[in-house]
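Oh and the sequence shown: position 94 is 102 in the numbering used here, straight run, nothing missing.
In what follows, a structure is listed as structure tokens, so that the remarks can point back to it.
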Amino acid sequence: MDPVRAFYADHEDLVLRLEELEGLCRRAEQGSRPVELAAPLGAMIDRLRDEVDVHSNREELGLFPVLRRHPLPPGLLDILLGEHEAIRGHVHDFAAEAGLWLGGGHSAAAAWIAPARAARGLLSTHMQKENLLLFPVAERVLTADDRQEVADACARLEA
Ligand SMILES: [Fe+2]
């Protein structure tokens, strides 16, 4: 698959994951207890952390270095990098608080729901920005050799 198409596809997977995350937030707000959410919330912690890492690493190590060789909207990559950092922070907080809640360390689900929703909100607008601003630029400026370089870098990250 063309690497830019692959980035769009990754985003579609993440959008589905974020909908599942919101579903877990609602279940907790409606009174589900840790024992009832242990399996899906435990799985969500691992998957969201992994998928956000994959998203960030593929872009930061695969796409952005190649894109930097081309003219881009000023500051765009730095804004997106800053957002990656903030998203990682929210996901880290969600994982830590949800882990505590599942283990009985504190009773308020709000402690993990807040960072979960912060991660969802920022990741959603971040991906829209990439879909609408960054990837169309990438489609326009990347040469065939560039695309191969991005695809190879992404493949190495998965190895
Ligand atoms: Fe990104």
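No residue lacks a Cβ here, since even glycine has one placed at the ideal position from N, Cα and C.
Original post:
Where does residue 52 land, buried or exposed, given buried means 16+ other C-beta within 10 angstroms?
Top reply: The residue labelled residue 52 in the question sits at position 44 within the sequence shown. Flag for residue 52 reads buried.
Original post:
For residue 132, which three-state DSSP category applies?
Top reply: Walking along the sequence shown from the start, residue 132 turns up at place 124. Three-state DSSP puts residue 132 in a helix.
Original post:
When we look at the beta-carbon of residue 9 and count the other beta-carbons within 10 Å, is it buried (16 or more) or exposed?
Top reply: As a first step, residue 9 must be located in the sequence shown, where it is residue number 1. Counting Cβ neighbours within 10 Å, residue 9 comes out exposed, since fewer than 16 surround it.
Original post:
Would you report the Cα separation of residue 122 and residue 46, rounded to the nearest angstrom?
Top reply: Here residue 122 is taken as the residue at index 114 of the sequence shown, counted from 1. Here residue 46 is taken as the residue at index 38 of the sequence shown, counted from 1. Between residue 122 and residue 46, the C-alpha separation is close to 18 angstroms.
Original post:
What's the C-alpha gap between residue 24 and residue 59?
Top reply: Against the sequence shown, residue 24 aligns to sequence position 16. Against the sequence shown, residue 59 aligns to sequence position 51. Computed Cα separation, rounded: 12 angstroms.
Original post:
Is the Cβ-Cβ distance between residue 63 and residue 108 less than 8 angstroms?
Top reply: On the sequence shown, position 55 is the one that residue 63 refers to. On the sequence shown, position 100 is the one that residue 108 refers to. No, the Cβ-Cβ distance between residue 63 and residue 108 is not below 8 angstroms.
Original post:
Under the three-state reduction of DSSP, which class applies to residue 9: helix, strand or coil?
Top reply: The residue you call residue 9 lines up with position 1 of the sequence shown. Residue state for residue 9 is assigned as coil, using DSSP reduced to three classes.
Original post:
Can you tell which of 124, 78, 162 and 102 has its C-alpha closest to the C-alpha of residue 27?
Top reply: As a working mapping, residue 27 is identified with position 19 in the sequence shown. Closest in alpha carbon position to residue 27, among 124, 78, 162 and 102, is 124.
Original post:
Using 8 angstroms as the threshold, is the region 35–46 in touch with the region 136–154, meaning 3 or more CB pairs across them?
Top reply: No, the region 35–46 is not in contact with the region 136–154.
**OP:** Please list, in chain order, all residues of the same chain as residue 30 whose beta carbon is under 7 angstroms from its beta carbon, the five residues on each side excluded.
**Re:** The count along the sequence shown starts at 1 and reaches residue 30 at position 22. The answer, listed in chain order, is 128.
**OP:** Measure the C-alpha to C-alpha separation of residue 156 and residue 18 and round it to an integer number of angstroms.
**Re:** Counting from one through the sequence shown, the residue named residue 156 turns up at place 148. Counting from one through the sequence shown, the residue named residue 18 turns up at place 10. C-alpha separation (whole angstroms): 18 angstroms.
Original post:
Closest to residue 132 by CA distance: which of 68, 75, 88 and 54 is it?
Top reply: Within the sequence shown, residue 132 is the residue found at index 124, counting from 1. Across the set 68, 75, 88 and 54, the C-alpha of 88 shows the shortest separation from the C-alpha of residue 132.
Original post:
Assuming residue 85 and residue 75 make a contact with CB atoms under 8 angstroms, what is their CB distance in whole Å?
Top reply: Taking the first residue of the sequence shown as 1, we reach residue 85 at position 77. Taking the first residue of the sequence shown as 1, we reach residue 75 at position 67. At roughly 7 angstroms, the Cβ-Cβ gap stays under 8 angstroms, so residue 85 and residue 75 are in contact.
Original post:
So what does DSSP say about residue 38, is it helix, strand or coil?
Top reply: Here residue 38 refers to the residue found at position 30 of the sequence shown. Reduced to three states, the DSSP call for residue 38 is coil.
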